Amino acid sequence: MFVHIVDVLLVFALVYMVLLVVRDRRTMWMVQGLMVLLGISLLSQAMGLTVFSIVMEKLVLGASVALAMMLIPEFRRLLEQLGRGEIVQLFLASESHLSTANNVIDELVEAVKGLSQNRTGALMILETDAPIEESDFSVPGVKLNADLSRELLQTIFQTTTLLHDGAVLIRGSRVLAAGVILPISEKDASRQLGTRHRAAMGITERVENCICVVVSEETGSISVAERGMLNRPLTSSKLRELLLDKFSPKADGDTVAPQLRSLGRRLSVKGINFLNAFKRRARRKLPRPTPQEKK
1 MFVHIVDVLL VFALVYMVLL VVRDRRTMWM VQGLMVLLGI SLLSQAMGLT VFSIVMEKLV
61 LGASVALAMM LIPEFRRLLE QLGRGEIVQL FLASESHLST ANNVIDELVE AVKGLSQNRT
121 GALMILETDA PIEESDFSVP GVKLNADLSR ELLQTIFQTT TLLHDGAVLI RGSRVLAAGV
181 ILPISEKDAS RQLGTRHRAA MGITERVENC ICVVVSEETG SISVAERGML NRPLTSSKLR
241 ELLLDKFSPK ADGDTVAPQL RSLGRRLSVK GINFLNAFKR RARRKLPRPT PQEKK
């Protein structure tokens, strides 16, 4: 029994280390799902449900392989850090990640600020979690896959370019596409807004894992759309604050850590209860000594 407990604890320690490297809410949910499948599999084995336990073992194996395939870059980073002996750094926020995120946000905000001052209309889609499917766009636009910079963004939205009327799709520090045509919101309130604002509301109504930054061509005002709601007008400093809160890796890690502790507490309590119930059940099955054996 002690060996089994150590085995399970080692598995949870490995999962915890991977999550510290990933620092992502969506990955946390997937790992929670895998832990639920693993718990059901162990429970079915303890109860002697042979066929069901075999099915659950295959599901756990398939889910583990799928999760590992999705997290190949994170596993590579984990192995590199372990190889360099940087075990302590696994439990600290990555300074390079924080620096990269801040630099990208600075470039984005400066581009929006310049566009606003010149009253140049702009629409930018920022992925916040999982990649957006091309089927969610009316027209997927022209693929760029370029490094994000204020010069690039300001050039794309100049009225003399062919791509200025569409949106720009941004993932991390990369500009993936330009000239993206978005679905228009059908809300009554949005009919009083311009096409860019209605498109920003439309895509964020349809897709939850993104936000849109809009610059009005008429007034130069800055707006942010999220979950179909428009937040406006914003100053460039307020936009920077909002983006830092949304995309800072430190904020993601701070959110994941309490979830990990909460998940660990829940699993430990359930594990102890399960072990106690298993022991009681085992005691009841033991044969009671007869009077002759007592003598």
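Here the sequence shown stands for residues 1 to 295, numbered as in full-length UniProt numbering. We treat Cβ as the ideally placed atom computed from N, Cα and C, and that holds for glycine. As the structure is a prediction and not an experimental result, all values here were calculated from the model.
Q. Exposed or buried, what is residue 156 when buried is set at 16 or more other beta-carbons lying within 10 Å of its beta-carbon?
A. By one-based count along the sequence shown, residue 156 stands at place 156. So residue 156 ends up on the buried side.
Q: Taking the CB atoms as reference points, tell me whether residue 296 and residue 153 lie closer together than 8 Å.
A: The first residue shown for the chain is 1 and the last is 295, placing residue 296 beyond what the model contains.
(Q) I believe residue 158 touches residue 120 by the beta-carbon criterion, under 8 Å. Please report the beta-carbon distance rounded to the nearest angstrom. (A) Position 158 of the sequence shown holds residue 158. Position 120 of the sequence shown holds residue 120. Confirmed, about 7 Å.
Q | Start and end residues, alpha helix (DSSP H) containing residue 245 | A | Along the sequence shown, read from residue 1 onward, the residue named residue 245 stands at position 245. For residue 245, the enclosing alpha helix (DSSP H) covers residues 236-247.
(Q) Residues in the same chain with beta-carbon distance under 7 Å from residue 182, minus the five sequence neighbours each way, listed in chain order, please. (A) Position 182 of the sequence shown, counted from the start, is the residue given in the question as residue 182. Leaving aside the five residues that flank residue 182 on each side, the residues in its chain whose CB is nearer than 7 Å to its CB run, in chain order, 137, 138, 167, 199, 202, 203.
Q.
Does residue 145 come out as helix, strand or coil in the three-state DSSP assignment?
A. To locate residue 145, count along the sequence shown from 1; it is residue 145. Three-state DSSP puts residue 145 in a strand.
Q: Just tell me which of 5, 45, 133 has its CA closest to the CA of residue 208.
A: The residue labelled residue 208 in the question sits at position 208 within the sequence shown. When only C-alpha atoms are compared, the closest one is 133.
(Q) Given a cut-off of 8 Å on the beta-carbon distance, is the pair residue 107 and residue 135 in contact? (A) Taking the sequence shown and counting its residues from 1, one reaches residue 107 at position 107. Taking the sequence shown and counting its residues from 1, one reaches residue 135 at position 135. Taking 8 Å as the Cβ cut-off, residue 107 and residue 135 do not qualify as a contacting pair.
Q: Mind reading off the beta-carbon distance from residue 197 to residue 236? Whole number of angstroms is fine, and I expect it under 8 Å.
A: For the purposes of this step, residue 197 is taken as the residue at position 197 of the sequence shown. For the purposes of this step, residue 236 is taken as the residue at position 236 of the sequence shown. With 8 Å as the limit, residue 197 and residue 236 do not qualify as a contact, their Cβ atoms being about 18 Å apart.
Q) Using DSSP with H/G/I as helix, E/B as strand and the rest coil, what is residue 44? A) Counted from its first residue, the sequence shown places residue 44 at position 44. It is helical.
Q. What is the DSSP secondary structure of residue 36, counted as helix, strand or coil?
A. In the sequence shown, residue 36 corresponds to position 36, counting from 1. Helix.
(Q) For the alpha helix (DSSP H) containing residue 162, name the first residue and the last one. (A) Start at 1 with the first residue of the sequence shown, and residue 162 comes out as number 162. No alpha helix (DSSP H) contains residue 162, which DSSP labels as neither H nor E.
Q: Taking 8 Å as the cut-off, decide whether the C-beta atoms of residue 126 and residue 210 are in contact.
A: Your numbering for residue 126 matches position 126 in the sequence shown. Your numbering for residue 210 matches position 210 in the sequence shown. Contact flag set, yes.
(Q) Counting C-beta neighbours from all protein chains within 10 Å, is the total for residue 5 16 or more, i.e. buried, or is it exposed? (A) Taking the first residue of the sequence shown as position 1, residue 5 is located at position 5. Exposed is the call here.
Q.
Can you check which of these residues, 104, 43, 70, 164, is closest to residue 178 by C-alpha distance?
A. Position 178 of the sequence shown, counting from 1, holds the residue named residue 178. Closest by alpha carbon: 164.
Q) Which first and last residues belong to the beta strand (DSSP E) in which residue 127 is found? A) Numbered from its first residue, the sequence shown carries residue 127 at position 127. First-last of the beta strand (DSSP E) with residue 127: 122-127.
**Q.** residue 225, DSSP secondary structure in three states
**A.** Here the question's residue 225 lines up with position 225 in the sequence shown. Of the three classes helix, strand and coil, the one that applies to residue 225 here is strand, per DSSP.
(Q) Taking the straight line between their C-alpha atoms, what separation do you get for residue 130 and residue 187? (A) If you number the sequence shown from 1, residue 130 lands on position 130. If you number the sequence shown from 1, residue 187 lands on position 187. Going from the Cα of residue 130 to the Cα of residue 187 covers about 26 Å.
Q: Express the C-alpha separation of residue 221 and residue 227 in angstroms, rounding to a whole number.
A: Translated into the one-based positions of the sequence shown, residue 227 becomes position 227. Translated into the one-based positions of the sequence shown, residue 221 becomes position 221. Between residue 227 and residue 221, the C-alpha separation is close to 20 Å.
Q: Can you give me the start and stop residues for the alpha helix (DSSP H) that residue 206 sits inside?
A: In the sequence shown, residue 206 corresponds to position 206, counting from 1. Where residue 206 is concerned, the enclosing alpha helix (DSSP H) stretches over 195-206.
Q: May I have the straight-line CA-CA distance separating residue 38 from residue 80, to the nearest angstrom?
A: In the sequence shown, residue 38 corresponds to position 38, counting from 1. In the sequence shown, residue 80 corresponds to position 80, counting from 1. Looking at the backbone, the Cα of residue 38 and that of residue 80 are separated by about 28 Å.
Q: Just grab the DSSP bridge partners of residue 231 for me.
A: In the sequence shown, the residue the question calls residue 231 occupies position 231. Its beta-bridge partners are 224.
Q: Please check the pair residue 123 and residue 212, which I expect to be a contact at CB under 8 Å, by giving their CB distance rounded to whole angstroms.
A: The sequence position of residue 123 within the sequence shown is 123, counting from 1. The sequence position of residue 212 within the sequence shown is 212, counting from 1. Contact holds; Cβ gap of about 6 Å.
Q.
Considering only the alpha carbon of each residue, which of 71, 194, 184, 174 lies closest to residue 103?
A. In the sequence shown, the residue the question calls residue 103 occupies position 103. When only C-alpha atoms are compared, the closest one is 174.
**Q.** Candidates 231, 161, 206: closest to residue 214 by CA position
**A.** Counting from 1 along the sequence shown, the entry for residue 214 is found at position 214. The shortest C-alpha separation from residue 214 is found at 231.
Q. Taking all protein chains shown into account, do 16 or more other C-beta atoms lie within 10 angstroms of the C-beta of residue 317, making it buried, or fewer, making it exposed?
A. Outside the shown range of the chain (1 to 295) lies residue 317, about which nothing can therefore be said.
Q) Where do the ends of the alpha helix (DSSP H) carrying residue 211 lie? A) What you label residue 211 is simply residue 211 of the sequence shown in a count that begins at 1. Run containing residue 211: none in the alpha helix (DSSP H); it sits in the beta strand (DSSP E), 210-215.
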